[in-house]
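According to numbering that gives the first Met the number 0, numbering within the sequence shown proceeds without interruption in unit steps and concludes at 883.
Glycine is no exception: its CB is placed at the ideal position from the N, C-alpha and C atoms.
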Amino acid sequence: MRKILSILMLCTATVVNGRQMQQCLPIRLTCEHLQNPLGVDQAAPRLSWQLDDNRQGALQTAYQVMVDGDSLALLKDKADVWNSGIQKSAAMLVQYAGNVLKPQTKYFWKVRVWDKYGKACTSTIASFETGMMQADRWKGKWISDQHDRHERSAPYFRRAFGADKPIKSARIYIAAAGLYELSINGRRVGDHRLDPMFTRYDRRTLYVVEDVTAQLRQGKNAIGVILGNGWYNHQPLAVWNFDQAPWRDRPAFRLDLRIVYQDGSEETIISDKSWKTSAGPIRYNNIYTGEHYDARLEMPGWDRSEFDDSKWEAVRYRKPPSSQLVSQLLVPIRLVKSYVPKAVKKINANTYVFDFGQNMAGVTRIKVGGPAGTVVRMKHGERLLEDGHVDQSNIDVYYRGNKELEPFQTDLLTLSGREKDEFMAKFGYKGFRYVEINSSQPIVLDSSSITAYFMHSDVSPVGHLKTSSPLINRLWAATNNAYLSNLMGYPTDCPQREKNGWTGDGHLAIETALYNFDAITVYEKWMADHRDEQQPNGVLPDIIPTGGWGYGTANGLDWTSTIAIIPWQTYLFYGDPSLLASCYENIKRYVDYVDSISPNGLTTFGRGDWVPVKSVSNLELTSSVYFYADATILASAAKLFRKTADQLRYEALSNKIKNAINAKFLDVSKGIYSNGTQTELSVPLYWGVVPEEMKYSVAANLNKKVVETGYHLDVGVLGSKALLTALKDNGFGDTAYKVAVQDTYPSWGWWIVNGATTLLENWDLKATRDISDNHMMFGEIGGWFYKSIGGILPDTAHPGFKHILLKPIFPEGLAESSISYDSPYGQISSHWKSSNGFVRYEVKIPANASATFYPPIDCEDRRVISLEAGKHTLHLKLKVREQN
């Protein structure tokens, strides 16, 4: 049986008279999609805002942006740096177009808007601060210690200096080849982790700006820097050859501390040969394996001015790792959430196992005492053996190092003999739920001895979901936990076995990412990594960044289409074409390369439907569909950027590919592609390859195939991306929903009912390979809930949710759903309750936006309804009929 919907009544929320007079207020002012950022290197940064205006039909009819170097002047509407003037426009994302911005300068800005009644209102003042902007602004030198890349201990650096006058402001600009931790006067600077982010080090290096005004003092000061290897100096072996990366070397850094005094004078403390260096308690660190720390070698006060560094060594100058030094203008990695153990098992006097109840990416902090020289091993893993010990067999399969000297996902702490030693790794992270602590001598531990920290790029949540189905709620949470576990300045496949930026995993989960988190800055950085890695002929590697691995024969369209798909999706979600424009020539080079090796429009360049349940799908079909998708995106981008010749060329190419696919693989008489697997039917539907007149026939066959499996999946990663949307968009939403909430094998729900707190890499819990328990490649499900039961979709013609397409389904078995998405225009909410054949559907459209409601395909009353900004209630009647 399926539900037939008919609209009974449409109600619009009543506006209280007094509310009509309320001003709108511009809020959430951002620069480069960040709030009050430091280190803006762009000559014309992007400025954006939202409107807080709950009135029905709220609109922005005009805006005025004002920028000045003096916040007090700006309060008086004096804007000598840029005054846009009154622009009669609804735009809320604009590009700076004022006077040339000066380097290392703080600017203040505000925006005034006019509402639908012509009344003006003004925002509070926001700021942004420029970075170096030009390479010749740097004064500090690249320095390192006297060791080569084989040295195991982490280098410590220090510099004492005086500040003899009252300080107005101080900024540190620091770049590193590797990772750094920075301190001033004995206190750590900031709360970032794993700075700077991983890049192709020999082509682009990142620097970070920190406000250290509060940590400096008039008089004596000291700066401390510790360097970690990160991906720059990857010492143990693994199958992706990072130990052979062309950039690999001993970590180094460059630093400028710019001090502005109250009297207006300036001073810059720089990295040069006045610094001194020494080894310290970090005896070994690797982002892939772990960190070894000897508490007996701690140097109390090493980063304070009074410390005696007479026995420390001189530093040496190093050549820059790359010619590009770029500001790290993205959301940082942080310790976001802490966990205490849910259970503790003491196996013997030397061994304890802690269960944190949540699989995650992160680090652990331990506080423990014991005899001096006692070695404490902290082994991290996702599973337990039958005897209660941690089992790493599902995640250590690619490690090629010495497991005794450099144990996988294991930190080593050598105790000092003091009452308590405290340790947390600085330069790495693990993927884990369980931690086994084993010591060379008996120690006493309990649940207060260890804390786990979920660590990831600290992207703000923008999606919210709560339904009457506990399974959906848990599955959505698990999807988000998997996504965040795999976001470390770039999207990864898993946080333990690989930590690689697999391209396929990245684009397969992009809608889930953008519906749930404000992650554009991470993807802008990752697409810059793509541009760094692309070969002159257009080819991209499977993993990005890479040390050289991945330019093989299978790094094809179903994976490396990231270069087209992700910029296009960020354009749809944010209404910002900047990333698409930055990648335009790269997309073009990529598509041209595939075209050169695919003269008939078909290609086998790709990996295929990775990790399927059982049915194997045709590689040429799926790869050719992704070729079509890339060519179509390129043609659309060319149209957007008014490149008419390119538009015509790539429209013709996309049509050629589409026709070639259908000529070879579509059986028109039967309505199936190739052998008719779930993937072979859903992928052409999802990407728009199916001729209009054949869509229902193909979708009906897909529906039949799914029903035959008892509403179970029989797909790999490509099919899991396409299946639910292909069904829902073609009239089989109830079938899609039954698959989405299936809780027996094979399904997403099967993982959840078996205790998963993140998504897995394999449908089969008893599989013997591809068995990470924290993977994102099957992550489409987290975004699909927004597209289906929420029904919130972007409009290609009005991107950034300026206009919203509302296409919800109200599936049988779900009584209530509340889903919202904080779009660039504000929150879109879609809430409904179903009872006794009726649905009450409440919608909120943000100010300056609009929406169109499309009744489900089987609705008796097919009226399409336009909705203005504000709150609306639709009363829908459900009619039951037999399903064919």
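Less than 8 Å divides the Cβ of residue 547 from the Cβ of residue 245. For residue 49, the enclosing beta strand (DSSP E) starts and ends at 45-51.
The beta-bridge partner set that DSSP reports for residue 430 consists of 360. Residue state for residue 526 is assigned as helix, using DSSP reduced to three classes. Ranking 88, 782, 105 and 775 by CA distance to the CA of residue 723 puts 782 first.
Counting along the chain, no beta strand (DSSP E) covers residue 588; the unbroken alpha helix (DSSP H) around it starts and ends at 577-596. Segment contact: the segment 158-176 against the segment 261-270, three or more CB-CB distances shorter than 8 Å; contact assigned. In this structure residue 799 is not in contact with residue 625, their Cβ atoms being roughly 25 Å apart against a cut-off of 8 Å. Annotation: the continuous alpha helix (DSSP H) that includes residue 648 extends over 643-664.
In the three-state DSSP reduction, residue 221 falls in the strand class (E or B).
When rounded, the separation of the alpha-carbon atoms in residue 282 and residue 712 is 48 Å. When rounded, the separation of the alpha-carbon atoms in residue 418 and residue 493 is 37 Å.
With fewer than 16 other Cβ atoms from the protein chains shown falling within 10 Å of its own Cβ, residue 613 counts as exposed. A straight-line Cα-Cα distance of about 30 Å links residue 738 and residue 459.
Following the DSSP letters along the chain, one finds residue 793 inside the beta strand (DSSP E) bounded by residues 791-793.
Per DSSP, residue 345 is one residue of the beta strand (DSSP E) stretching across 342-347. In chain order, 159, 160, 161, 162, 183, 184 and 304 place their CB closer than 8 Å to the CB of residue 220, counting only its own chain and leaving out the 5 sequence neighbours on each side.
Using a 10 angstroms sphere on the CB of residue 229, the tally of other CB atoms reaches 16 or more, which defines it as buried.
Beyond the five residues adjoining it in sequence on each side, residue 532 comes within less than 7 Å, by CB distance, of 199, 539, 540, 543, 544 and 545 in the same chain, given in chain order. Within the model, the alpha-carbon separation for residue 288 versus residue 565 is close to 30 Å. If the five residues before and after residue 63 are omitted, its C-beta is found closer than 6 Å to the C-beta atoms of 83, 85 and 111, all from its own chain and listed in chain order. Annotation note: the segment 65-124 contains the following uninterrupted beta strand (DSSP E) runs of length 3 or greater, listed N- to C-terminal: 92-94, 105-114 and 119-121. The three-state secondary structure of residue 365, taken from DSSP, is strand. Just measuring C-alpha positions, the residue of 842, 835 and 833 sitting nearest residue 827 is 842. As far as DSSP is concerned, residue 401 takes part in no beta bridge. Apart from the 5 residues on each side of it in sequence, residue 761 sits with its Cβ closer than 7 Å to the Cβ of 610, 769 and 770 in its chain, given in chain order. Straight-line spacing of the CA atoms in residue 249 and residue 147 works out to 5 Å. The alpha-carbon separation between residue 695 and residue 655 amounts to approximately 23 Å. Beta-bridge partners of residue 30 (DSSP): 33 and 46.
Beta-bridge partners of residue 532 (DSSP): none assigned.
Closest in alpha carbon position to residue 175, among 721, 190, 67 and 156, is 156. Minimum Cα-Cα distance from residue 166 among the listed residues 210, 137, 673 and 129 corresponds to 210. The beta carbon of residue 740 is closer than 7 Å to those of 468, 470, 471 and 748 in its chain, skipping five residues each way along the sequence. Nearest to residue 604 by C-alpha distance, out of 870, 108 and 557, is 557.
Assignment of beta-bridge partners to residue 413 by DSSP yields 293 and 374. Within the segment 690-744, the runs of alpha helix (DSSP H) that reach at least 4 residues and sit entirely inside it are, in chain order, 694-707, 716-727 and 732-739.
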